[in-house]
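Visitor: For the sequence shown, full-length UniProt numbering assigns the number 1 to the initial residue and increments by one for each residue that follows. Ideal Cβ positions, reconstructed from N, Cα and C, are used throughout, including at glycine.
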Amino acid sequence: MKAITIPQPGDADALVLADVPDPEPAPGEVRVRVAAAGVNRADVMQRMGHYPPPPGAPEYPGLEVSGTVEALGEGVHGWAVGDQVCALLSGGGYAELVCVPAGQLLPVPHGTSLEDAAALPEVVSTVWSNVFMTANLLPGQTVLVHGGSSGIGTMAIQLAREVGARVVVTAGSAAKLEACRQLGAEILVNYREQDFVEEVRAATGGAGADVILDNMGAKYLARNVEALAPGGRLVVIGLQGGAKAELNLGLLLRKRGAVIATSLRARPADEKAAIVAAVREHVWPLVEEGRVRPVVHSRHPLADAPAAHRELEESGHIGKILLTP
């Protein structure tokens, strides 16, 4: 098969299309012929040498795909050759074929195209596990989503809206903020011109945000804690603004707040399977009813993976970027 390899870490041109051995499904796995793969920030970090795949994962980048089941490993039940699926991966999605534990498969939702389904597994699993399973966002609460126009942001807005939460977003342009508004965000903050702490306080009568979903890490840590409501939960899922910062424990204590840092890729297979099962139960009906949808910005052929990475790093996109083998 053909896959995107990384012979040497580096810039986008470090991604090289090559012929590699076809993967064989281990017991409990299925092999999927890939129709499309989602492009994520984690892939960029892996390309640069900062985010190696966990032990046992394929060495090629790619954390989510859609496609057709081609082969079943020993002991797999509930899936058949020919099923159209999408899948959460630990790696290997930038390829024509990929093997995935059966517990990380989802059926392509009715009403969603096979290609577009690749935009769902990673972002939906990330948002559902962090905002709802971990931070327990409830109806009537306020959630602050940083990077609201990203793939994760566009999904977080829609799911928070569906549970009856009030959504505040940050983004860096009027066009991105307008896209967030159309998805259901109520308070729009241009982080280049406005202070999100002040905007959150103004929108909540001084109370603050009950949940904050943060992709920046160190750069926003102090202000995120300031923006928390009493009993608020800050969930850090990215480190685009660095990994080390000073934390005011006194302020956090007075707010009875929590700072939670999580990642999805390296979780054990049984934890991923539990998240995927929860997504299928709670989110898939919303997708099939058309209430929640994947937001796809662009598509690139697999051979043009460097161009897809450059587009992601330029941060002009709204929603997801896909690769199509």
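Name, in chain order, the residues that DSSP records as bridge partners for Asn190.
Guide: The residue given as residue 190 occupies position 190 in the sequence shown. For Asn190, which the question treats as bridged, DSSP gives the partners Ala171.
Visitor: Roughly how many angstroms lie between the CA atoms of Ala203 and Gly184, to the nearest whole one?
Guide: Along the sequence shown, one-based indexing puts residue 203 at 203. Along the sequence shown, one-based indexing puts residue 184 at 184. Cα to Cα, Ala203 sits roughly 15 Å from Gly184.
Visitor: Would DSSP call Ile275 helix, strand or coil?
Guide: Looking up residue 275 in the sequence shown gives position 275. It is helical.
Visitor: Does the beta-carbon of Ala229 have 16 or more other beta-carbons within 10 angstroms, so that it is buried, or is it exposed?
Guide: By 1-based counting over the sequence shown, the position of residue 229 is 229. Looking at its Cβ environment, which holds 16 or more other Cβ atoms inside 10 Å, Ala229 is buried.
Visitor: Using a Cβ-Cβ distance cut-off of 7 Å, determine whether Ala80 contacts chain C.
Guide: Although the question refers to chain C, the structure presented lacks it and comprises just one protein chain.
Visitor: So, for Pro27: in the same chain, excluding its five sequence neighbours on each side, which residues have a beta-carbon less than 6 Å away from its beta-carbon?
Guide: One-based indexing of the sequence shown puts residue 27 at position 27. For Pro27, where only same-chain residues beyond five positions count, the Cβ hits under 6 Å are Gly73, Glu74 and Gly75.
Visitor: Could you tell me the distance, in whole angstroms, from the CA atom of Gln84 to the CA atom of Pro268?
Guide: Reading the sequence shown from its first residue, position 84 is the one you call residue 84. Reading the sequence shown from its first residue, position 268 is the one you call residue 268. One Cα belongs to Gln84, the other to Pro268, and the distance between them is close to 25 Å.
Visitor: Check the DSSP bridge columns for Val39 and list the partner residues they point to.
Guide: Locating residue 39 in the sequence shown gives position 39, where the first residue counts as 1. BP columns for Val39 point to Ile321.
Visitor: Okay, do the segment 239-246 and the segment 84-100 touch, 3+ Cβ pairs below 8 Å being the bar?
Guide: no
Visitor: If I follow the unbroken beta strand (DSSP E) through Val236, where does it start and stop?
Guide: As a position in the sequence shown, residue 236 is number 236, starting the count at 1. Leu228 to Val236 is the span of the beta strand (DSSP E), which, as asked, contains Val236.
Visitor: Since Gln104 contacts Val276 with CB under 8 Å, what's their CB separation in whole angstroms?
Guide: For the purposes of this step, residue 104 is taken as residue 104 along the sequence shown, with counting starting at 1. For the purposes of this step, residue 276 is taken as residue 276 along the sequence shown, with counting starting at 1. The C-beta distance from Gln104 to Val276 rounds to 5 Å, short enough to fall under 8 Å.
Visitor: Quick one: grab the DSSP three-state call for Ile6.
Guide: Here the question's residue 6 lines up with position 6 in the sequence shown. Note: Ile6 maps to coil in three-state DSSP.
Visitor: Rounded C-beta distance between Glu199 and Val189? I'm assuming under 8 Å.
Guide: As a first step, residue 199 is located in the sequence shown; it is residue number 199 there, counting from the start. As a first step, residue 189 is located in the sequence shown; it is residue number 189 there, counting from the start. Indeed they touch by this definition, with Cβ atoms about 5 Å apart.
Visitor: Spell out a yes or no on whether the segment 249-265 and the segment 142-156 are touching, meaning 3 or more CB-CB pairs, one atom from each, closer than 8 Å.
Guide: no
Visitor: Tell me where the alpha helix (DSSP H) around Leu213 begins and ends.
Guide: As a first step, residue 213 is located in the sequence shown; it is residue number 213 there, counting from the start. For Leu213, there is no enclosing alpha helix (DSSP H); the residue is part of the beta strand (DSSP E) that begins and ends at Ala209 to Asp214.
Visitor: For a test of the three-state rule: what should DSSP assign to Ser129, helix, strand or coil?
Guide: Start at 1 with the first residue of the sequence shown, and residue 129 comes out as number 129. Residue state, collapsed to three classes: helix.
Visitor: Using a Cβ-Cβ cutoff of less than 6 Å, which residues in the same chain neighbour Val287 once the five nearest sequence positions on both sides are dropped?
Guide: In the sequence shown, the residue the question calls residue 287 occupies position 287. Contacts found: Pro109.
Visitor: Determine the DSSP secondary structure at Pro101, reduced to helix, strand or coil.
Guide: Position 101 of the sequence shown holds residue 101. If DSSP states are grouped into helix, strand and coil, Pro101 belongs with the strands.
Visitor: Whose CA, out of Glu122, Met48, Gly78 and His146, lies closest to the CA of Lys320?
Guide: Sequence index remark: in the sequence shown, residue 320 carries index 320 (1-based). The residue with the shortest Cα to Cα distance from Lys320 is Glu122.
Visitor: Among residues of its own chain, excluding the 5 on either side of Leu137, which ones have a beta-carbon nearer than 8 Å to its beta-carbon?
Guide: By 1-based counting over the sequence shown, the position of residue 137 is 137. Same-chain partners within the cutoff: Val131, Val143, Ala160, Val163, Ala165, Asp210 and Val211.
Visitor: By how many angstroms is the C-alpha of Gly38 removed from the C-alpha of Val167?
Guide: The count along the sequence shown starts at 1 and reaches residue 167 at position 167. The count along the sequence shown starts at 1 and reaches residue 38 at position 38. Their backbone Cα atoms lie some 25 Å apart in a straight line.
Visitor: Applying the criterion that 16 or more other CB atoms from any shown protein chain within 10 Å of the CB defines a buried residue, is Gly111 buried or exposed?
Guide: Taking the sequence shown and counting its residues from 1, one reaches residue 111 at position 111. Its Cβ having fewer than 16 others within 10 Å, Gly111 is exposed.
Visitor: Within the segment 42-72, note down every full beta strand (DSSP E) run reaching 3 residues or more, in order along the chain.
Guide: 64-72
Visitor: Counting only the same chain and skipping the five closest in sequence on each side, list residues whose C-beta sits under 6 Å from that of Ile6.
Guide: As a working mapping, residue 6 is identified with position 6 in the sequence shown. Ala14 and Arg47, listed in sequence order.
Visitor: Considering only residues of the same chain and omitting the five flanking positions on each side of Ser315, which have a CB-CB separation below 8 Å?
Guide: Translated into positions along the sequence shown, residue 315 becomes position 315. Cβ within range, chain order: Gly172.
Visitor: Taking Cβ to Cβ, would you say Ala135 is nearer than 7 Å to Val235?
Guide: One-based indexing of the sequence shown puts residue 135 at position 135. One-based indexing of the sequence shown puts residue 235 at position 235. Against a cut-off of 7 Å, the Cβ pair of Val235 and Ala135 comes out as a contact.
Visitor: Using three-state DSSP, classify Pro121 as helix, strand or coil.
Guide: The residue you call residue 121 lines up with position 121 of the sequence shown. Looking at Pro121 - three-state DSSP - the assignment turns out to be helix.
Visitor: For Gln158, report the span of its alpha helix (DSSP H) as first-last.
Guide: Along the sequence shown, read from residue 1 onward, the residue named residue 158 stands at position 158. Element bounds for Gln158: Gly151 to Glu162.
Visitor: Return the first residue and the last residue of the alpha helix (DSSP H) that Ala305 is part of.
Guide: By one-based count along the sequence shown, residue 305 stands at place 305. Residues Ala305 to Glu314.
Visitor: Determine the closest residue to Ala119 out of Ile4, Tyr191, Gln141 and Val296, with distance taken between C-alpha atoms.
Guide: Translated into positions along the sequence shown, residue 119 becomes position 119. Checking every option, the nearest Cα to that of Ala119 belongs to Val296.
Visitor: With the cut-off set at 7 Å, would you say Gly94 and Tyr60 are in Cβ contact?
Guide: For the purposes of this step, residue 94 is identified with residue 94 of the sequence shown, where counting begins at 1. For the purposes of this step, residue 60 is identified with residue 60 of the sequence shown, where counting begins at 1. Note that residue 94 corresponds to Tyr in the displayed sequence, not to Gly. Their beta carbons are under 7 Å apart, which means Tyr94 touches Tyr60 by this criterion.
Visitor: Tell me which residues share the same chain as Leu114 and place their Cβ nearer than 7 Å to its Cβ, disregarding the 5 neighbours each side in the sequence.
Guide: As a working mapping, residue 114 is identified with position 114 in the sequence shown. So the qualifying residues of the chain are Ala35, Ser66, Gln84 and Val108.
Visitor: Comparing C-alpha positions only, which one of Gly206, Phe196, Lys244 and Gly205 sits nearest to Asn224?
Guide: The sequence position of residue 224 within the sequence shown is 224, counting from 1. Answer by Cα proximity: Phe196.
Visitor: Note the first and the last residue of the continuous alpha helix (DSSP H) segment covering Ala252.
Guide: The count along the sequence shown starts at 1 and reaches residue 252 at position 252. A quick correction: the sequence has Leu, not Ala, at residue 252. Leu252 -> alpha helix (DSSP H) spans Leu249 to Arg254.
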